[in-house]
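Enquirer:
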Amino acid sequence: MNRKNILTLVMLVTLSACASTPVQPWEKGVLANPDMAPESSPLTSSLDDHIYFSKEGTSGGRGFAGGGCGCN
Amino acid sequence: MASPCEVLIDTFDETLAKQLTSIAAEEAWRIENKFSRYNNSNIIHHIHTAQGEPVEVDDEFCELLNFADQCYKLSDGLFDITSGILREIWKFDGSSNIPSRKQAKAYLKRIGWDEVRWQAPFLTLPKGMEIDLGGFGKEYAVDSAAKNVADQSSAAFLINFGGDIYANKPPKEQDSWRIGLEKNDALGKANSILELASGAVATSGDTRRYLEKSGIRFPHVLNPKTAWPVMRAPSSVTVVADNCTSAGFLATMAMLKGKHADEFLAAQNVRYSLQT
Amino acid sequence: MKNFKNLSVALAGATACLSGVANVSAAETLDKNDFGNWDIKSAILFYNESDRVQAIEPVITATKQIDTDEFLSFKLVVDSLTGASASGAVPSTEAQTFSTPSGNDSYTTPANETPLDPTFFDTRYALSASWVKPISRFTKLTLGSNFSNEFDYLSLSSSALLAHDINNRNTTLSIGVSAAFDTIDTVGGIPVAFGRQLPEGQEQPRQGEEDDKAVIDVVLGVTQVLSKDSLLVFNYSFSQADGYLTDPYKVISVVDAASAKPIETLYENRPDNRTKHAVYTQYKRNFSGNILDASYRYSTDDFGIDSNTVDLRFKYRLNEQSFLKPHIRFYSQSEADFYTPFFVDGSQPLANNSSSFATADYRLGEFTSTTIGLEYGRDNVRRPWSVALEYYVQSGDEPDNTFGQLANQELYPDVDAVMLRINFDY
Numbered sequence: 000m001n002r003k004n005i006l007t008l009v010m011l012v013t014l015s016a017c018a019s020t021p022v023q024p025w026e027k028g029v030l031a032n033p034d035m036a037p038e039s040s041p042l043t044s045s046l047d048d049h050i051y052f053s054k055e056g057t058s059g060g061r062g063f064a065g066g067g068c069g070c071n
Numbered sequence: 000m001a002s003p004c005e006v007l008i009d010t011f012d013e014t015l016a017k018q019l020t021s022i023a024a025e026e027a028w029r030i031e032n033k034f035s036r037y038n039n040s041n042i043i044h045h046i047h048t049a050q051g052e053p054v055e056v057d058d059e060f061c062e063l064l065n066f067a068d069q070c071y072k073l074s075d076g077l078f079d080i081t082s083g084i085l086r087e088i089w090k091f092d093g094s095s096n097i098p099s100r101k102q103a104k105a106y107l108k109r110i111g112w113d114e115v116r117w118q119a120p121f122l123t124l125p126k127g128m129e130i131d132l133g134g135f136g137k138e139y140a141v142d143s144a145a146k147n148v149a150d151q152s153s154a155a156f157l158i159n160f161g162g163d164i165y166a167n168k169p170p171k172e173q174d175s176w177r178i179g180l181e182k183n184d185a186l187g188k189a190n191s192i193l194e195l196a197s198g199a200v201a202t203s204g205d206t207r208r209y210l211e212k213s214g215i216r217f218p219h220v221l222n223p224k225t226a227w228p229v230m231r232a233p234s235s236v237t238v239v240a241d242n243c244t245s246a247g248f249l250a251t252m253a254m255l256k257g258k259h260a261d262e263f264l265a266a267q268n269v270r271y272s273l274q275t
Numbered sequence: 000m001k002n003f004k005n006l007s008v009a010l011a012g013a014t015a016c017l018s019g020v021a022n023v024s025a026a027e028t029l030d031k032n033d034f035g036n037w038d039i040k041s042a043i044l045f046y047n048e049s050d051r052v053q054a055i056e057p058v059i060t061a062t063k064q065i066d067t068d069e070f071l072s073f074k075l076v077v078d079s080l081t082g083a084s085a086s087g088a089v090p091s092t093e094a095q096t097f098s099t100p101s102g103n104d105s106y107t108t109p110a111n112e113t114p115l116d117p118t119f120f121d122t123r124y125a126l127s128a129s130w131v132k133p134i135s136r137f138t139k140l141t142l143g144s145n146f147s148n149e150f151d152y153l154s155l156s157s158s159a160l161l162a163h164d165i166n167n168r169n170t171t172l173s174i175g176v177s178a179a180f181d182t183i184d185t186v187g188g189i190p191v192a193f194g195r196q197l198p199e200g201q202e203q204p205r206q207g208e209e210d211d212k213a214v215i216d217v218v219l220g221v222t223q224v225l226s227k228d229s230l231l232v233f234n235y236s237f238s239q240a241d242g243y244l245t246d247p248y249k250v251i252s253v254v255d256a257a258s259a260k261p262i263e264t265l266y267e268n269r270p271d272n273r274t275k276h277a278v279y280t281q282y283k284r285n286f287s288g289n290i291l292d293a294s295y296r297y298s299t300d301d302f303g304i305d306s307n308t309v310d311l312r313f314k315y316r317l318n319e320q321s322f323l324k325p326h327i328r329f330y331s332q333s334e335a336d337f338y339t340p341f342f343v344d345g346s347q348p349l350a351n352n353s354s355s356f357a358t359a360d361y362r363l364g365e366f367t368s369t370t371i372g373l374e375y376g377r378d379n380v381r382r383p384w385s386v387a388l389e390y391y392v393q394s395g396d397e398p399d400n401t402f403g404q405l406a407n408q409e410l411y412p413d414v415d416a417v418m419l420r421i422n423f424d425y
């Protein structure tokens with residue numbers, strides 16, 4: 000996938016987001032559940048990210064790819 | 000009550016949540032209708048139009064008047080349900096309409112719980128006087144609604160009627176409810192968090208309601224003995240207590256103590272927060 | 000100083016007469032202004048590769064709410080590794096002897112086995128802190144710093160992330176920058192690019208004690224609420240690493256052009272800069288209490304590694320207080336442009352030729368990996384906990400340019416691992 004395709008994906012995602020009707024504050028009971036946070040189990044994510052960082056050629060994406068360890 | 004009310008319930012059961020919310024709401028409306036002085040068919044209206052004749056009141060009203068009587072005694076006359084009539088001369092609308100000392104003095108004759116003849120279940124109010132349960136009505140509504148909700152479910156809940164709050168127990172996964180205390184000058188930004196496992200919170204003081212003349216600010220808290228605002232009162236006082244009615248009474252008392260509010264609260268062995 | 004009476008007893012008596020007042024329970028008497036306690040969460044991961052690395056990684060975080068939407072948190076990670084790791088050398092029909100990274104010792108790999116460096120052990124300590132602070136009603140700033148140390152590696156980083164809510168708080172825009180500075184203090188010193196590994200006791204080809212690298216990351220993100228039970232995250236991230244990116248412990252075998260038997264072992268060399276671009280999208284949806292969490296990541300970099308990652312989790316609620324969460328993850332990557340499983344004698348760069356690049360590190364080769372796991376947990380209780388068991392397998396295709404004895408060897412053996420993770424909140 001080249002740079003242009005990335006841009007297309009950005010636009011697609013943005014468009015699909017705009018198409019939905021806005022959610023009102025009082026309708027956010029379900030979204031307010033901590034389980035619905037994008038990063039709902041940060042400890043699990045950080046342990047997973049560390050394993051994959053040391054085993055695979057790619058890191059980051061969700062947050063900072065960073066460095067921090069001599070394992071790769 | 001003219002303020003936003005909410006009920007938070009810790010449950011996955013939507014039907015139950017709706018049921019409990021309507022129980023709380025019904026109780027709030029019931030108390031509002033029964034004790035509001037703006038209702039032309041309730042017991043308050045009946046008392047105010049009795050022209051000095053005794054009026055028989057029901058059990059709930061008896062309890063509230065007994066409580067008001069206790070409050071009057073505990074506060075050495077500072078907490079007085081007959082002082083509501085002062086709203087006729089003190090309109091805290093941010094203007095500079097300050098009544099004269101003479102005008103205020105004239106009202107003192109129409110204030111004083113000791114002038115009222117209270118012999119349960121009969122209340123005899125002298126002509127020209129009024130009673131106003133606004134001093135603890137909202138807090139009492141919180142407690143009463145909480146009792147009705149607790150009778151129906153064992154779920155953790157928090158009732159908030161315009162800043163007067165009662166919680167029966169903490170939500171399941173937490174140690175306590177977190178209550179943001181509003182900062183006076185900011186745009187609704189809470190500036191501190193109060194952790195409440197169970198019990199009640201009440202706040203007295205409203206910084207949007209005051210009068211100002213010649214650079215002097217007259218706060219919205221009136222001394223029934225002078226018919227004059229308590230100068231140098233804190234701008235708001237928040238108190239935590241076992242029930243909302245007690246918390247509200249202590250918060251109001253602290254306001255009435257003016258510059259001694261902090262010392263008064265410190266002696267009460269309660270959690271509190273005070274803004275000057 | 001006036002002395003005020005304590006009215007509590009009298010007041011309790013007065014309110015006790017009110018039948019409408021619920022004296023259900025007493026408010027705990029705490030210090031005034033005692034707002035916010037430390038929220039402690041912990042986890043421990045046991046990682047076990049068959050015949051290779053074992054790791055135990057405990058982690059603990061402490062978070063304190065210091066104001067509405069303002070949090071301070073600290074995290075401590077200890078990462079303890081033991082076992083053996085593939086050195087990059089190829090197997091042979093004869094036993095092979097390699098020097099350890101220090102050059103003071105050696106180890107022997109039996110015939111027909113993948114050479115594994117058995118000196119792979121390390122303990123890493125990492126401490127990080129973050130501070131989330133609202134800077135206006137709709138804008139939140141997160142500042143973070145991280146310190147990580149192991150006996151041959153030190154990393155320092157700081158980051159700043161700004162998140163801004165718009166559109167009735169249905170859209171969050173974020174921008175983050177992170178800068179990391181790492182120092183590698185290799186055991187025995189930094190090897191010379193394509194320097195020949197010498198037998199133990201001899202002076203290995205070295206070019207200094209330590210080296211360093213700097214990594215700058217930029218993340219641009221949009222989180223969009225799609226409906227009252229779903230949301231979408233979209234991130235673009237850019238990462239630029241400059242400095243020493245070579246793995247000083249990895250080597251490449253040079254094999255005889257006829258028999259394909261290894262004749263010497265060279266230290267690898269990678270470019271000294273790497274630019275990565277990645278897009279990440281995540282979709283979360285709540286189906287009446289059960290939560291789907293699906294994400295996809297595409298990453299490309301100028302090493303030539305393109306990767307695709309799909310991650311699916313589903314939190315299935317068994318009852319109000321317990322859940323099962325199956326997890327499946329697929330990952331595939333293409334190989335780095337300079338990946339080579341071995342050199343045929345005559346094609347290897349000269350020692351010290353730092354403008355040539357090559358690695359035989361299987362992690363930069365082409366492979367796919369799959370993770371499947373299941374987590375069981377209790378939540379909505381005072382002390383939530385969960386246990387997860389996961390199986391991870393990595394498999395790459397055998398290179399097609401093998402010959403001689405290598406044609407019968409397994410150059411890209413599958414790597415599989417079992418992970419057990421326990422989370423516990425205090």
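Protein chains in written order, with numbering that gives the first Met the number 0: chain A, 0 to 71; chain B, 0 to 275; chain C, 0 to 425. Here a beta-carbon is modelled for each residue, glycine too, at the ideal position from N, C-alpha and C. Note that this is a predicted model, so its numbers are computed, not measured.
1) In its own chain, which residues sit with a C-beta less than 7 Å from the C-beta of R273 (chain C), not counting the 5 before and 5 after it?
2) Compile a chain-ordered list of the residues in the stretch 284-311 of chain C whose CB is closer than 8 Å to at least one CB of chain A.
3) Within the 9 Å Cβ cut-off, does D34 (chain A) reach chain C?
4) Please tell me whether D66 (chain C) has its Cβ less than 9 Å away from any Cβ of chain A.
5) Quick test of the definition: if touching needs 3 or more C-beta pairs under 8 Å, does the stretch 85-96 of chain B touch the stretch 208-217 of chain B?
6) Expressed to the nearest angstrom, what Euclidean distance is found between the alpha-carbon atoms of L142 (chain C) and Y71 (chain B)?
7) Name the residues in the stretch 232-256 of chain B whose C-beta lies less than 9 Å from a C-beta of chain C; which are they?
8) Taking only runs of the alpha helix (DSSP H) that begin and end inside the stretch 276-312 of chain C, which ones reach a length of at least 4 residues, in chain order?
9) Does any residue of chain A have a CB that is nearer than 9 Å to the CB of L419 (chain C)?
10) Below 8 Å on the Cβ atoms is my contact criterion, and I expect Y390 (chain C) with G372 (chain C) to pass it. Report the Cβ-Cβ distance as a whole number of Å.
11) I'd like the list of long-range same chain contacts for A416 (chain C), defined as Cβ closer than 7 Å, with 5 residues on each side in sequence excluded.
12) State the DSSP-derived secondary structure class of V414 (chain C), mapped to helix, strand or coil.
13) Under 8 Å, with one C-beta from each stretch per pair, do the stretch 1-15 of chain C and the stretch 58-74 of chain B reach the 3-pair mark?
14) Among B:R216, B:V229, B:G198 and B:T275, which residue has its Cα nearest to the Cα of G247 (chain B)?
15) Secondary structure at D30 (chain C), three-state DSSP: helix, strand or coil?
16) Can you tell me the Cα-Cα spacing of D292 (chain C) and D68 (chain C), whole angstroms?
17) Taking the alpha-carbon of K168 (chain B) as reference, which of B:S152, B:M128, B:G161 and B:G127 has the nearest alpha-carbon?
18) Please work out which residues of its chain come closer than 8 Å, Cβ to Cβ, to D211 (chain C), disregarding the five sequence neighbours upstream and downstream, and give them in chain order.
19) Spatial neighbours of E208 (chain C) within its chain, please: CB distance less than 6 Å, with the 5 preceding and 5 following residues excluded, ordered by chain position.
20) Pop quiz: D66 (chain C) and S191 (chain B) are said to be a contact at Cβ under 8 Å. What is the actual Cβ separation, rounded to whole angstroms?
21) To the nearest angstrom, how far is the alpha carbon of I43 (chain B) from that of V220 (chain B)?
22) Classify N242 (chain B): buried if its beta carbon has 16 or more other beta carbons within 10 angstroms, exposed otherwise.
23) Out of curiosity, what's the CA-to-CA distance linking M230 (chain B) and L19 (chain B)?
24) Decide if E202 (chain C) is buried, meaning its Cβ has at least 16 other Cβ atoms within 10 Å, or exposed.
25) For F52 (chain A), which residues in chain C fall below 9 Å Cβ to Cβ?
26) To the nearest angstrom, how far is it from the Cα of L44 (chain C) to the Cα of T43 (chain A)?
27) Three or more C-beta pairs under 8 Å: does that hold for the stretch 191-199 of chain C against the stretch 256-270 of chain C?
28) How do the stretch 27-35 of chain A and the stretch 283-297 of chain C stand: do at least 3 beta-carbon pairs fall below 8 Å, yes or no?
29) Put N422 (chain C) into one of helix, strand or coil per three-state DSSP.
30) Any beta-carbon of chain C closer than 9 Å to the one on K146 (chain B)?
31) Taking the alpha carbon of L219 (chain C) as the reference point, which residue from C:A213, C:G200 and C:N234 has its own alpha carbon closest?
32) Determine whether the Cβ of F121 (chain B) lies closer than 9 Å to any Cβ atom of chain C.
33) Looking at the ligand MG, does it come within less than 8 Å of M128 (chain B), judged from the CB to the closest heavy atom?
34) Count Cβ pairs between the stretch 355-362 of chain C and the stretch 324-331 of chain C that sit closer than 8 Å; are there 3 or more?
35) Report the three-state DSSP secondary structure of C70 (chain B) (helix, strand or coil).
36) Which residues of chain C have a Cβ atom closer than 7 Å to the Cβ of N65 (chain B), listed in chain order?
Expert: By the coordinates alone:
1) Reading the third sequence from its first residue, position 274 is the one you call residue 273 (chain C). So the list reads A240, L244, D300, D301 and F302, once near-sequence residues are dropped.
2) N285, I290, D292, S294, R296, Y297, S298, T299, D300, F302, I304, D305, S306 and T308
3) Sequence index remark: in the first sequence, residue 34 (chain A) carries index 35 (1-based). It does: the Cβ of D34 (chain A) has a partner Cβ on chain C nearer than 9 Å.
4) Against the third sequence, residue 66 (chain C) aligns to sequence position 67. Judged by the 9 Å Cβ criterion, D66 (chain C) is not in contact with chain A.
5) yes
6) Here residue 142 (chain C) corresponds to residue number 143 of the third sequence, with the count starting at 1. Here residue 71 (chain B) corresponds to residue number 72 of the second sequence, with the count starting at 1. For L142 (chain C) and Y71 (chain B), the distance between alpha carbons rounds to 54 Å.
7) Result list: V239, A240, D241, N242, C243, T244, S245, A246, F248, L249, M252 and K256.
8) none
9) Counting from one through the third sequence, the residue named residue 419 (chain C) turns up at place 420. For L419 (chain C), the answer is no, since every Cβ of chain A falls outside 9 Å of its Cβ.
10) Counting from one through the third sequence, the residue named residue 390 (chain C) turns up at place 391. Counting from one through the third sequence, the residue named residue 372 (chain C) turns up at place 373. Right, the Cβ-Cβ distance comes to about 7 Å (below 8 Å), so this counts as a contact.
11) To locate residue 416 (chain C), count along the third sequence from 1; it is residue 417. Result list for A416 (chain C): Y46, N47, E48 and Y391, in chain order.
12) Looking up residue 414 (chain C) in the third sequence gives position 415. The answer is strand: DSSP assigns V414 (chain C) an E or B state.
13) Taking 8 Å as the limit for Cβ pairs, the verdict is that the stretch 58-74 of chain B does touch the stretch 1-15 of chain C.
14) As a working note, residue 247 (chain B) is residue 248 in the second sequence. The shortest Cα separation from G247 (chain B) among B:R216, B:V229, B:G198 and B:T275 belongs to B:G198.
15) Within the third sequence, numbered from 1, the residue matching residue 30 (chain C) stands at position 31. Bear in mind that a pLDDT of 36 at D30 (chain C), under 50, signals an unreliable position, so the number given afterwards is only what the model happens to contain. Coil.
16) Here residue 292 (chain C) refers to the residue found at position 293 of the third sequence. Here residue 68 (chain C) refers to the residue found at position 69 of the third sequence. Their backbone Cα atoms lie some 25 Å apart in a straight line.
17) As a first step, residue 168 (chain B) is located in the second sequence; it is residue number 169 there, counting from the start. Minimum Cα distance to K168 (chain B) is reached at B:S152.
18) Here residue 211 (chain C) is taken as the residue at index 212 of the third sequence, counted from 1. Within its own chain, the residues whose Cβ lies closer than 8 Å to the Cβ of D211 (chain C), once the five positions on either side in sequence are excluded, are F180, D181, T182, I183, G242 and Y243, listed in chain order.
19) For the purposes of this step, residue 208 (chain C) is taken as the residue at position 209 of the third sequence. Once the five neighbours on either side are set aside, the close Cβ partners of E208 (chain C) are G188.
20) As a working mapping, residue 66 (chain C) is identified with position 67 in the third sequence. As a working mapping, residue 191 (chain B) is identified with position 192 in the second sequence. At roughly 7 Å, the Cβ-Cβ gap stays under 8 Å, so D66 (chain C) and S191 (chain B) are in contact.
21) Looking up residue 43 (chain B) in the second sequence gives position 44. Looking up residue 220 (chain B) in the second sequence gives position 221. So the two alpha carbons sit approximately 23 Å from each other.
22) For the purposes of this step, residue 242 (chain B) is taken as the residue at position 243 of the second sequence. N242 (chain B) comes out buried.
23) Numbered from 1 along the second sequence, position 231 holds the residue referred to as residue 230 (chain B). Numbered from 1 along the second sequence, position 20 holds the residue referred to as residue 19 (chain B). One C-alpha to the other measures close to 42 Å.
24) In the third sequence, the residue the question calls residue 202 (chain C) occupies position 203. That one is exposed.
25) Indexing the first sequence from 1 puts residue 52 (chain A) at position 53. What F52 (chain A) touches in chain C: nothing, since even the nearest Cβ is about 10 Å away.
26) Counted from its first residue, the third sequence places residue 44 (chain C) at position 45. Counted from its first residue, the first sequence places residue 43 (chain A) at position 44. Spanning the two alpha carbons is a distance of roughly 9 Å.
27) yes
28) yes
29) For the purposes of this step, residue 422 (chain C) is identified with residue 423 of the third sequence, where counting begins at 1. Three-state DSSP puts N422 (chain C) in a strand.
30) As a first step, residue 146 (chain B) is located in the second sequence; it is residue number 147 there, counting from the start. Chain C contact via Cβ: present.
31) Counting from 1 along the third sequence, the entry for residue 219 (chain C) is found at position 220. Comparing Cα positions, the closest option is C:N234.
32) Residue mapping note: residue 121 (chain B) aligns to position 122 of the second sequence, counting from 1. Answer no: the Cβ-Cβ gap between F121 (chain B) and chain C never drops below 9 Å.
33) Inclusion of the ligand MG in the displayed structure is not the case, the ligand content being empty and no account of it being possible.
34) no
35) Working through the second sequence from its first residue, we reach residue 70 (chain B) at position 71. Reduced to three states, the DSSP call for C70 (chain B) is helix.
36) For the purposes of this step, residue 65 (chain B) is taken as the residue at position 66 of the second sequence. Here the neighbours are C16.
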